[in-house]
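A.B. asks: Note that the sequence shown ends on residue 269 in this note's numbering; no numbers are left out.
Glycine included, each C-beta is placed from N, C-alpha and C at the ideal position.
Model, not experiment: these values are computed from the prediction.
Below: one structure in structure tokens.
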Amino acid sequence: MQEPILRAISLNKAFFLGETIYAVNNVSLSVEPGEFIVIMGPSGSGKSTLLSLLGGLDRPISGEIILDGSRYSLLNENGLAGLRREKLGFVFQFFNLIPHLTALENVTLPMRFMGKDESSIKDKASSLLDAVGLNARKSHRPLQMSGGEQQRVAIARALANSPSIVLADEPTGNLDSKTSGEIAALFQRFNHEMKQTFVVVSHDESMTQYADRVAHMRDGRIVGIDEKQEAQG
Ligand code: ADP
Ligand code: MG
């Protein structure tokens with residue numbers, strides 16, 4: 037077995053609203069390089085909170101996360117922000133693109149902090165937009181594009197710095213079923229062709245069919261993990 041690329045150890049996150057709610061309750065999870073993991077669970081079961089912890093967007097009250105050898109607990113906010121930029125890609129339900137920037141400019145954004153030169157940044161963004169099937173949309177702004185096209189831009193942006201892991205929170209939750217299937221197929225293609233590791237929160241059948249493992253969350257806990265049944269190629 038290889039070293040996991042991401043390890044979460046006994047994570048806890050609570051919110052205090054009159055009573056204490058454990059949004060994430062003693063969750064441990066290891067993600068192998070190249071794995072495609074889907075996390076399912078009812079609304080309020082803690083999926084988004086867990087993903088925020090894994091992505092270093094939020095801090096647990098206890099537990100540890102180790103990404104590619106870096107322990108989050110040893111990093112200050114700047115260190116964590118640097119780790120997110122270099123090693124993580126994020127995809128959200130509502131795309132979260134910058135509205136006044138073109139598709140190309142949105143994809144270049146994460147690379148602007150990495151000290152690369154302008155022409156290589158533009159070349160990379162351009163080839164990523166080609167890879168997600170948007171070669172004719174590079175100079176369009178988000179509102180000139182369909183939901184599926186906006187999510188493709190967001191996926192290209194998430195891949196810009198060749199992240200160790202892409203974390204996606206209900207990436208097809210705002211798309212029709214045909215478009216959802218296309219987005220799921222795109223994740224699957226990057227998973228297979230680039231060995232890109234994905235941790236995706238999704239109820240979408242088209243997404244779960246590509247998963248190596250499906251983790252089920254209830255009340256802040258991972259209550260079961262299904263492994264892919266068919267023989268791997
Ligand atoms: P899911 O993504 O599975 O729908 P969430 O992670 O958003 O679940 O929420 C898990 C639980 O934590 C819910 O009970 C929710 O109300 C609570 N929660 C999430 N974020 C906050 C917050 N910022 N403040 C208070 N409670 C929160
Ligand atoms: Mg959620």
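For I57, which three-state DSSP category applies?
C.D. replies: strand
A.B. asks: Between the Cα of H239 and the Cα atoms of S46, T144, E263, S79, which residue gives the shortest distance?
C.D. replies: S79
A.B. asks: What are the partner residues of F51, as DSSP defines its beta bridges?
C.D. replies: In the DSSP output, where bridge partners are listed per residue, F51 has I57.
A.B. asks: My guess is that K123 and D104 are in contact by the Cβ rule of under 8 Å, so how many angstroms apart are they, rounded?
C.D. replies: Sure, about 6 Å apart at Cβ, within 8 Å.
A.B. asks: Whole angstroms is fine: what's the gap from L89's alpha carbon to I157's?
C.D. replies: 29 Å
A.B. asks: According to DSSP, is D166 part of a helix, a strand, or is it coil?
C.D. replies: helix
A.B. asks: Which whole-angstrom value is the C-beta distance of L203 and V235, which I expect to be below 8 Å?
C.D. replies: 5 Å
A.B. asks: Considering only the alpha carbon of each residue, which of V63, P40, E55 lies closest to K49?
C.D. replies: Distances from the alpha-carbon of K49 to those of V63, P40, E55 put V63 closest.
A.B. asks: Quick one: grab the DSSP three-state call for S200.
C.D. replies: coil
A.B. asks: Taking just the CA atoms, how far does N171 sit from L42?
C.D. replies: 33 Å
A.B. asks: Ligand 2 and S84: does any heavy atom of the ligand fall closer than 7 Å to the residue's C-beta?
C.D. replies: yes
A.B. asks: Under 7 Å: does the beta carbon of D94 sit that close to some heavy atom of ligand 2?
C.D. replies: The closest heavy atom of ligand 2 lies 7 Å or more from the beta carbon of D94.
A.B. asks: Taking buried to mean at least 16 other C-beta atoms within 10 Å of its own C-beta, is I261 buried or exposed?
C.D. replies: exposed
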